[in-house]
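S.K.: Read top to bottom, the protein sequences are chains X and P.
For the first sequence, counting from 1, position 188 maps to 184 in this note's numbering; every step adds exactly one.
For the second sequence, counting from 1, position 167 maps to 163 in this note's numbering; every step adds exactly one.
Virtual Cβ for every residue (Gly too), placed ideally from N, Cα, C.
Small disclaimer: the values here were computed from a predicted structure and weren't measured.
Protein chains: 2
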Amino acid sequence: MREAYHDQLETILEDLVTMTRAVRQATQLATDALMSADAAEAERVIAGDAAVDTMREQIEESSFELLARQQPVAGDLRMLVAALRMVADLERMGDLAVHIAKVARLRYPDPAIPPVMEGTIRQMAEVAEVMVSTAAHVVETRDVDAAMRLEARDEEMDQLRRQSFRTLLGDEWKDGIEPAVDIALLGRYYERIADHAVSMGRRVVYLVTGEHPAPTA
Amino acid sequence: MREAYHDQLETILEDLVTMTRAVRQATQLATDALMSADAAEAERVIAGDAAVDTMREQIEESSFELLARQQPVAGDLRMLVAALRMVADLERMGDLAVHIAKVARLRYPDPAIPPVMEGTIRQMAEVAEVMVSTAAHVVETRDVDAAMRLEARDEEMDQLRRQSFRTLLGDEWKDGIEPAVDIALLGRYYERIADHAVSMGRRVVYLVTGEHPAPTA
């Protein structure tokens, strides 16, 4: 019985890692769709979100069942509560990747991002993807140092976002309102993906150390 | 012991209602600050978020303690898990009110919203506030009908958001990039507050009926 119980706990963690990797891939595909104005790729991301939602349901159900049947205490209880929270983070991250894909779809066949902004958006996307990969690694290995590094990466995201606003509001911006609005929202989506990755990292730090890391922002 | 346990459960629900009302007030004050370019009011919302975060910590701690000590099953377990989720919704809603206040602060002493957009933003704010009030009522009374009405209200929010984009991208827009970017993001913040209110409603519906309401979007 205890054996099966620990197997179930282990499976929940493995499923969380799988879900994190699925979200990372969705983010990457959404960025590809955005950068290459690829409507088919955008559709794949949008359709693929159902699979992410199914993963969420499965992990929630397993966690809830374990809570109800095994009545875990201390560390295991903390882990299950953390899993329920991380799965909510991941669902939102999947939704945000869908939002990015929808901008690509909305502007197709035109590219949504004017050349002057391509570099910044690519960098934001890259930082987001690396952060989601790191979150998967952190959940898998409980690597507290890597979790702490997520906060530094998040600062990089904030700087890129400020840079995007400077470009939008500067003299070099000749592309008008529509792409400006798209970019303001896209920046918000990438920033929120990054925030959720930080939040996953903080939950793992709390699981391992029993302490909440001090907020940096 | 059982008595104290049910008192604790009851207190958690009451605290959730109090927190929901605090978030509603923060949303309303943030809108006032935005509409009247009132920097002092904006600062009050920003500073006041610490109290919302403290409520979250307290509710999380009580819920966790109850989970660990009383090992609730069935309905009570579902309620505690729902409380942990709703408290996460509420914390985000508080953060979003802060984001709204920060736009007011950033543009002070100028108003952030050009006259042509005032009506739409006011309506979005009003819909958001009513939805948060309804969420408080739903948590307090478990009124499933009111919870379902949140979804209809959310549709109204989506329509207002589409209307704001039509104005931004239409010929009547003479206010340039900066307010357009602000309004795109403000629309997103109000929309997200509304989404979280819907999500709270759905959690209560699930608690009462044992069934997840079908998603409308």
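1) Three or more C-beta pairs under 8 angstroms: does that hold for the region 11 to 23 of chain X against the region 45 to 53 of chain X?
2) Tell me the rounded alpha-carbon separation between residue 138/P and residue 25/P.
3) Compute the Euclidean distance between the alpha carbons of residue 105/X and residue 111/X, then round it to the nearest angstrom.
4) Can you list the residues of chain P that residue 173/X reaches, using a CB-CB cut of under 7 angstroms?
5) Below 7 angstroms CB to CB, which residues in the same chain sit around residue 74/X once its five sequence neighbours on both sides are set aside?
6) Assess contact between the region 139 to 157 of chain P and the region 119 to 129 of chain P, defined as three or more Cβ pairs (one per stretch) separated by less than 8 angstroms. Is contact present?
7) Whose C-beta lies closer than 6 angstroms to the C-beta of residue 178/X among residues of the same chain, with five residues either side of it excluded?
8) Report back the beta-carbon spacing between residue 130/X and residue 145/X to the nearest angstrom; my notes put them in contact at under 8 angstroms.
9) Where does residue 213/P fall in DSSP's three states?
10) Please report the distance separating the alpha-carbon of residue 89/P from that of residue 188/P.
11) Mind pulling the chain P residues with CB within less than 8 angstroms of residue 112/X?
12) Considering only residues of the same chain and omitting the five flanking positions on each side of residue 29/P, which have a CB-CB separation below 7 angstroms?
13) Leaving out five residues on either side along the sequence, give the residues of the same chain with a beta carbon under 8 angstroms from the beta carbon of residue 87/P.
14) I'd like the list of long-range same chain contacts for residue 95/X, defined as Cβ closer than 6 angstroms, with 5 residues on each side in sequence excluded.
15) Please classify residue 205/X as buried or exposed, where buried requires at least 16 neighbouring CB atoms within 10 angstroms.
16) With a cut-off of 9 angstroms, does the C-beta of residue 69/X fall near any C-beta of chain P?
17) Report buried or exposed for residue 192/P, applying the criterion of at least 16 other Cβ atoms within 10 angstroms of its Cβ.
18) Let me see if you follow: with CB-CB separation under 9 angstroms, is residue 84/P close to chain X or not?
19) Decide if residue 165/X is buried, meaning its Cβ has at least 16 other Cβ atoms within 10 Å, or exposed.
20) Does residue 151/X have its Cβ less than 9 angstroms from a Cβ in chain P?
21) So, helix, strand or coil for residue 32/P, using DSSP?
22) Taking residue 193/X as the query, report the chain P residues whose CB atoms sit under 9 angstroms from its CB, ordered along the chain.
23) Distance, Cα to Cα, residue 170/P vs residue 176/P?
24) Does any C-beta atom of chain X lie closer than 9 angstroms to the C-beta of residue 64/P?
25) For the region 76 to 110 of chain P, list every residue whose C-beta sits within 8 angstroms of some C-beta in chain X, in sequence order.
26) Cα-Cα, which of 79/P, 93/P, 63/P, 32/P is closest to residue 136/P?
27) Taking all protein chains shown into account, do 16 or more other C-beta atoms lie within 10 angstroms of the C-beta of residue 102/X, making it buried, or fewer, making it exposed?
28) Are the beta-carbon atoms of residue 113/X and residue 194/X separated by less than 9 angstroms?
29) If you count every other CB in all the chains shown that lies within 10 Å of the CB of residue 71/P, and 16 or more means buried, which is it?
30) Which class does residue 108/P belong to by DSSP, given the choice of helix, strand or coil?
M.R.: According to the structure shown:
1) Judged by Cβ distances under 8 angstroms, the region 11 to 23 of chain X makes contact with the region 45 to 53 of chain X, as three or more pairs qualify.
2) Answer to the nearest angstrom: the Cα atoms are 27 angstroms apart.
3) Counting only the Cα atoms, residue 111/X lies some 15 angstroms from residue 105/X.
4) Neighbours of residue 173/X across chain P, judged by C-beta separation under 7 angstroms: 164, 165, 169, 173, 176.
5) Spatial neighbours of residue 74/X in its own chain (CB-CB distance under 7 angstroms, excluding positions within 5 residues in sequence) are listed in chain order as 203.
6) Taking 8 angstroms as the limit for Cβ pairs, the verdict is that the region 119 to 129 of chain P does touch the region 139 to 157 of chain P.
7) Non-local C-beta neighbours of residue 178/X in its own chain, meaning closer than 6 angstroms and more than five positions away in sequence, comprise 99, 108, ordered along the chain.
8) That pair is a contact at about 7 angstroms.
9) Reliability of the predicted coordinates at residue 213/P is poor, the pLDDT of 44 falling under 50, and the value obtained from them is presented with this limitation in mind. Residue 213/P falls in the coil class under three-state DSSP.
10) Distance between the alpha carbons of residue 89/P and residue 188/P is about 8 angstroms.
11) Simply none; closest approach about 13 angstroms.
12) So the qualifying residues of the chain are 37, 38, 41, 97, 100.
13) Answer for residue 87/P: 48, 49, 52, listed in chain order.
14) Same-chain partners within the cutoff: 185.
15) Result: exposed.
16) With 9 angstroms as the cut-off, residue 69/X counts as an interface residue toward chain P.
17) By the neighbour-count criterion, in which 16 or more other beta carbons inside 10 Å mark a residue as buried, residue 192/P falls on the buried side.
18) Yes, residue 84/P lies at the interface with chain X (some Cβ there is under 9 angstroms from its Cβ).
19) Flag for residue 165/X reads exposed.
20) No, its Cβ sits nowhere closer than 9 angstroms to a Cβ of chain P.
21) Residue state, collapsed to three classes: coil.
22) Correct list: empty, because the minimum Cβ distance to chain P is about 16 angstroms.
23) In a straight line, the C-alpha of residue 170/P is about 10 angstroms away from that of residue 176/P.
24) With 9 angstroms as the cut-off, residue 64/P counts as an interface residue toward chain X.
25) Listed by position along the chain: 77, 80, 81, 84.
26) If we check each option's Cα against that of residue 136/P, 79/P comes out closest.
27) By the 16-neighbour rule on beta-carbons within 10 angstroms, residue 102/X is exposed.
28) It is not a contact, given that the beta carbons lie outside the stated cut-off.
29) Around the beta carbon of residue 71/P, fewer than 16 other beta carbons lie within 10 angstroms, which makes this residue exposed.
30) It is coil, neither helix nor strand.
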